[in-house]
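Student: Protein chains in written order, with my numbering: chain S, 5 to 370; chain L, 629 to 1136; chain B, 93 to 446.
1) Quick one: grab the DSSP three-state call for residue 232 of chain B.
2) Which same chain residues end up closer than 8 Å to residue 404 of chain B when comparing Cβ atoms and leaving out the 5 residues on each side of it in sequence?
3) Hey, out of L:1038, L:1027, L:815, L:681, whose CA is closest to residue 787 of chain L's CA?
4) Just to confirm the assignment, what range does the beta strand (DSSP E) spanning residue 714 of chain L have?
5) Rounded to a whole number of angstroms, what is the C-alpha to C-alpha distance between residue 149 of chain S and residue 249 of chain S?
6) Does any residue of chain S bring its CB to less than 8 Å from the CB of residue 219 of chain B?
7) Let me confirm a value: residue 696 of chain L is counted as buried when at least 16 other C-beta atoms fall within 10 Å, else exposed. Which label applies?
8) Please determine whether the Cβ atom of residue 981 of chain L lies at a distance below 7 Å from any heavy atom of the ligand FMN.
9) Following the continuous alpha helix (DSSP H) through residue 177 of chain S, name the residue where it begins and the one where it ends.
10) Residue 816 of chain L by DSSP, collapsed to three states: which one?
11) Taking any Cβ of chain S, which residues in the stretch 243-260 of chain B have a Cβ under 7 Å from it, in chain order?
12) Output needed for residue 648 of chain L: all residues of its chain with C-beta closer than 7 Å, excluding positions within five of it in sequence on either side, in chain order.
13) Anything in chain S within Cβ reach of residue 182 of chain B, meaning under 7 Å, just list it in chain order.
14) Where DSSP assigns a beta bridge to residue 1051 of chain L, which residues make up the other side?
15) Kindly indicate which residue of S:330, S:307, S:37 has the alpha-carbon position closest to the one of residue 79 of chain S.
16) Return the CA-CA distance between residue 918 of chain L and residue 850 of chain L, expressed in angstroms with no decimal places.
17) Could you name the residues that DSSP lists as bridge partners for residue 1102 of chain L?
18) Closer than 8 Å, CB to CB, is residue 432 of chain B near chain S or not?
19) Give a yes or no on contact between the stretch 257-272 of chain S and the stretch 180-198 of chain S, applying the rule of three or more CB pairs nearer than 8 Å.
20) Just mark residue 367 of chain S as buried or exposed, buried being the case when its beta carbon has 16 or more other beta carbons within 10 Å.
21) Three or more C-beta pairs closer than 8 Å, one from the stretch 127-139 of chain S and one from the stretch 104-118 of chain S: is that the case here?
22) For residue 948 of chain L, does the count of other Cβ atoms within 10 angstroms reach 16, so buried, or fall short, so exposed?
23) I want to know whether the stretch 87-105 of chain S touches the stretch 219-227 of chain B - three or more CB-CB distances under 8 Å.
24) Check residue 371 of chain S in the structure and name its three-state DSSP category.
25) Between residue 182 of chain S and chain B, is there a C-beta pair that is closer than 8 Å?
26) For the structure I just gave you, are there three or more beta carbon pairs, one from the stretch 703-710 of chain L and one from the stretch 363-381 of chain B, closer than 8 Å?
27) Does the count of Cβ pairs from the stretch 349-368 of chain B and the stretch 140-149 of chain B closer than 8 Å reach three?
28) Once you ignore the five residues that flank residue 1020 of chain L on each side, which residues in its own chain have a CB closer than 8 Å to its CB?
29) Considering only their Cβ atoms, is the gap separating residue 1068 of chain L from residue 1057 of chain L smaller than 8 Å?
30) What is the residue span of the beta strand (DSSP E) that residue 273 of chain B lies within?
31) Could you list which residues in chain S have their beta carbon closer than 8 Å to that of residue 384 of chain B, in chain order?
32) What is the DSSP secondary structure of residue 705 of chain L, reduced to helix, strand or coil?
33) May I ask you to list, following chain order, the residues of the stretch 715-729 of chain L that have a beta carbon less than 8 Å from some beta carbon of chain B?
34) Less than 8 Å between CB atoms is the rule here; does residue 424 of chain B satisfy it with respect to chain S?
35) Indicate the three-state DSSP secondary structure (helix, strand or coil) for residue 833 of chain L in the structure shown.
36) Name, going along the chain, the residues of the stretch 315-335 of chain B whose beta-carbon falls closer than 8 Å to a beta-carbon of chain L.
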């Protein structure tokens, strides 16, 4: 009798575990938590956050977690846009790195004019931000037009900008590598007197804005409908082409903000090395978040968690003294494993196994 | 007694939400043309795909050549090795290869292609079958009919024991059909067993020896052609439905509908789909129908009204007001709803929840910046789940996990929620269970009695006769007639479709 | 009577059918590319003759510089015809160069063992990626993107700095040239200099020939087209679609191996950033040469001319351009954009005709 009870409870536990495992955010959260634990294991002081002072004597928060949160900003912002693009167009935008370079180039040109090291800003930062965003959205519009109007696969369409983007950025800056006045630095670092890094605040603002937009408009529903079945969506009065285009414009806006933060970090832009291979990280973040790279349903929460996971991984590898150029090896392996798990072949394997366990549990009960 | 070339016993196959085949038996002798009959969704295609290894069967056994051991066919190649060749309804050749290549690719184990030899061989085959194509011609430059014939030529040349023709005649003209029949008789003389799937009753009786009838994935029976008159075949295909549905009847027929308000008035409307200009009027509280064979243009007509295809010519008035419908959303805003023909492809948004699927159309009409709150959406969904009796655990369930009938009800709910004045239902009963079919037909009549104007399209003429008070008859993209009142009978419809003279004919 | 008239009409339509032999899209795209190449070359000789374009050696240099790219682009054409893509070839080339150099310099490898190593790396990339794409049905772009990063990352694990070949025998072999008889240029001092061709070019052209024959004449070659044109139909026709896709990637891997070796043979150096964007050049060359991104259509001769056309455009841009370093890449992208749009327009027109 007691044996039987044990079996029932074990079956139930299995069931609970099963539902938890099946939750779409399980893999991203589990992966993030295990990475953080691994970090604590490597460095017991990993989670410590202290209030220190920077070179100018302003109070700043210091700690690994703060660094990760701050450094992940570009990734998080781009992941939001990439999630929407992936969902609606069933493909990824691989030109985000190049587009960030263009945005950075435009911002630098606006702030520095033709000087290499101006002592003052040539234009208000707001104007630079505005023009940067416009440049980003122009890139998005170009990609979006190719994808929606000419029906080219997104990855191929964005290949064009991927090829040309960094050169265009270099052209935008007139071949110079100017350094903007340090007043511009507060957006990528700290606002004097305020201890929280500005990028974190920008991230929070962007996430909040995304939440509001998803709540106050039908962007989410429309994107999903178009991504899952664009024929049916168009018979329900939607314009799939316009929605695909819109997601690329939003992606462009995200690129604008990310480029702004990135440019502000060191107040200079090297178009050929800025955010190297960030497109890979962003796609990885989207995939890590449990989103299908084949489009359709999406979870921006998942992508954001994914982005932080990537940043944690990157900073962990850096602390372990892995060469920057070798970091992609680990990411490549992870992306392959993650995508492999998502494939129908492998997931059906898992599915069969877990359901078999359940069935055997049930049989024993009966 | 002729040799049995194929024996299938107790075949089961199910898809998520659908039991496509249940305990189906099938036997084919050599030198026999065997018709496989059934309505849409009866399981004909599934049975054939199981036989050719496209689908894996859930249970059952397949024997070939009176062998004692069942064979397990896992892929089309294996089927070919067992001597089973198929010509599908859709062209399953490669358009970017040449005709000769399409005849021979995938068949030999030779590593290298001898173009000269292949082209000569192909030339001989094409000539012997009278197919107007050159071996070195790219297949995509041939007409659909020729492509179909090349597919048959390929199957014929494979020296197959079992040849499956899955609705091969639907894209051929009369002359080509006759040619095909000659070919089939020739093959019959060569002792090939032919499984012939078709919708055309005439062709079955002109050609076949035996008929196997399927209905809703179950075997109805196997009959000799001489033992089964046409009318009985139809009854077998429709099954007990006849009795069940007898009590449904459109009482509105007798009412003087012409006096009531016209909801839709189309004048010389035509669209990019190639439909010929047609006139059509739908009145308040009336159920109209478009009847015609597959590809006659019945869906294209309603798609033009809804703006699903680009309207090229003509005028459309909705409730007396002239409108330009350039996209579905404009039609929707004017109170038109359209339940599309292909539910899987054009209807459901697979991974979305039932709730999102139900509110979608109304939400789109509401606008981008005015999303429903979750509570509102849930209330809508629950209301219609209850109203239409959708069987589901919750409104959060993805629609793709429902059965076909319940999916259709969700789509129906989507359009009912928009409270249209004019609702188009294009094949709403295809591939769903009988219970739901009856419910949908009753619902149509109820909605009409409440004042909605409805256009109901179905491949099953019986269904249209029961629900519609006026039928527009189509043939080859033309409207060829309009039947009302006492003219509404199966014979009359067939007669009009077949091209007999009719006083209402308004051929342009 | 009635029947007769029908027969006549059928015959009439038959006649029309036989007459209708439209210029295929392949031929059209190929023609555009070849025309483009010769036009630009002719124009550059006329207008930029003083910058070296009139020299015959210039023509051979076009091949000398692009031998590796030609081979790699052939591999990409194969996967693109099959309806897939491979963007890992740049990464694998970098990996081949660095690992071969390390083996040559430190582990006493000779020419042939180095060649074997290069082929092996290429084949491993092709096999693993092919397996993941064909049998696990993963998206080709993602798989090969990972392959690209894996390749470059492994280079960094092997050797962070740029390295050079330090092996006399290998260097001697790689430095030797074929002298073309009777062809050459007269230099400023009036001395006749025979034109030189690298051995790698011969290899590349032989491979182009083999691949041309392979895609036209072998069962597997035709299967690539069938699978790329319509995978479902190909399956119905009895082609093993998964195996075909796998073999396409394997072949691409092999060609990337050969191409990587030619790259090493030409440059004799290796670094993490080596051959950056090579995959994009190869894809662009295939597209320019008339290979459709959607699969099923493509031509190796077109690919060859695609490489040559983009090569000459780059030379021209460099010759007329100012010192600005951004023009080559932007021109390359513009050309890619032009041909992608052209393909898209042709495809959509074709759809409308159907």
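The beta carbon of each residue, even a glycine, is placed where N, CA and C say it ideally should be.
Tutor: Result, derived from the coordinates:
1) Indexing the third chain from 1 puts residue 232 of chain B at position 140. Looking at residue 232 of chain B - three-state DSSP - the assignment turns out to be helix.
2) The residue given as residue 404 of chain B occupies position 312 in the third chain. Once the five neighbours on either side are set aside, the close Cβ partners of residue 404 of chain B are 129, 132, 133, 136, 154.
3) Counting from 1 along the second chain, the entry for residue 787 of chain L is found at position 159. That would be L:815, whose Cα lies nearest to the Cα of residue 787 of chain L.
4) Reading the second chain from its first residue, position 86 is the one you call residue 714 of chain L. For residue 714 of chain L, the enclosing beta strand (DSSP E) starts and ends at 712-715.
5) The residue labelled residue 149 of chain S in the question sits at position 145 within the first chain. The residue labelled residue 249 of chain S in the question sits at position 245 within the first chain. Between the C-alpha atoms of residue 149 of chain S and residue 249 of chain S there is a straight-line separation of about 6 Å.
6) Taking the first residue of the third chain as position 1, residue 219 of chain B is located at position 127. So, not an interface residue.
7) Your numbering for residue 696 of chain L matches position 68 in the second chain. By the 10 Å Cβ count, residue 696 of chain L comes out exposed.
8) Judged by which ligands are present, the structure shown has none, so any question about the ligand FMN falls away.
9) The residue you call residue 177 of chain S lines up with position 173 of the first chain. Premise fails: residue 177 of chain S is in no alpha helix (DSSP H) and is neither H nor E.
10) By one-based count along the second chain, residue 816 of chain L stands at place 188. It is helical.
11) 244, 245, 246, 248, 249, 252
12) Here residue 648 of chain L corresponds to residue number 20 of the second chain, with the count starting at 1. In chain order, 641, 642, 671, 674, 845 place their CB closer than 7 Å to the CB of residue 648 of chain L, counting only its own chain and leaving out the 5 sequence neighbours on each side.
13) As a working note, residue 182 of chain B is residue 90 in the third chain. Neighbours of residue 182 of chain B across chain S, judged by C-beta separation under 7 Å, do not exist; the nearest C-beta is about 12 Å away.
14) Translated into positions along the second chain, residue 1051 of chain L becomes position 423. Per DSSP, the beta-bridge partners of residue 1051 of chain L are L:965, L:1082.
15) Indexing the first chain from 1 puts residue 79 of chain S at position 75. If we check each option's Cα against that of residue 79 of chain S, S:307 comes out closest.
16) Within the second chain, the letter at position 290 stands for residue 918 of chain L. Within the second chain, the letter at position 222 stands for residue 850 of chain L. Just so you know, the alpha carbons of residue 918 of chain L and residue 850 of chain L end up roughly 33 Å apart.
17) To locate residue 1102 of chain L, count along the second chain from 1; it is residue 474. Its beta-bridge partners are L:1107.
18) Along the third chain, read from residue 1 onward, the residue named residue 432 of chain B stands at position 340. Cβ-Cβ to chain S under 8 Å: yes for residue 432 of chain B.
19) yes
20) As a position in the first chain, residue 367 of chain S is number 363, starting the count at 1. At residue 367 of chain S, the pLDDT of 37 sits below 50, so the modelled position is not reliable and the matter cannot be decided from this model.
21) yes
22) Residue numbering aside, residue 948 of chain L sits at position 320 when the second chain is read from its first letter. Label assigned to residue 948 of chain L: exposed.
23) no
24) Limits of chain S in this structure are 5 at one end and 370 at the other, which puts residue 371 of chain S out of reach.
25) In the first chain, residue 182 of chain S corresponds to position 178, counting from 1. No, its Cβ sits nowhere closer than 8 Å to a Cβ of chain B.
26) no
27) no
28) For the purposes of this step, residue 1020 of chain L is identified with residue 392 of the second chain, where counting begins at 1. For residue 1020 of chain L, where only same-chain residues beyond five positions count, the Cβ hits under 8 Å are 982, 1013, 1030, 1034.
29) The sequence position of residue 1057 of chain L within the second chain is 429, counting from 1. The sequence position of residue 1068 of chain L within the second chain is 440, counting from 1. Remark: C-beta atoms of residue 1057 of chain L and residue 1068 of chain L approach each other more closely than 8 Å.
30) The count along the third chain starts at 1 and reaches residue 273 of chain B at position 181. Residue 273 of chain B -> beta strand (DSSP E) spans 269-278.
31) Indexing the third chain from 1 puts residue 384 of chain B at position 292. Going along chain S, no residue has its Cβ under 8 Å from residue 384 of chain B, so there is no contact; the nearest lies around 11 Å.
32) By one-based count along the second chain, residue 705 of chain L stands at place 77. In the three-state DSSP reduction, residue 705 of chain L falls in the helix class (H, G or I).
33) 716, 719, 720, 721, 722, 723, 724, 725, 729
34) Taking the third chain and counting its residues from 1, the one referred to as residue 424 of chain B is at position 332. Closer than 8 Å: yes.
35) The count along the second chain starts at 1 and reaches residue 833 of chain L at position 205. Residue 833 of chain L falls in the helix class under three-state DSSP.
36) Of all residues in the stretch 315-335 of chain B, only 315, 317, 318, 320, 321, 322, 324, 325, 326, 327, 328, 329, 330, 331, 332 place a beta-carbon less than 8 Å from a beta-carbon of chain L.
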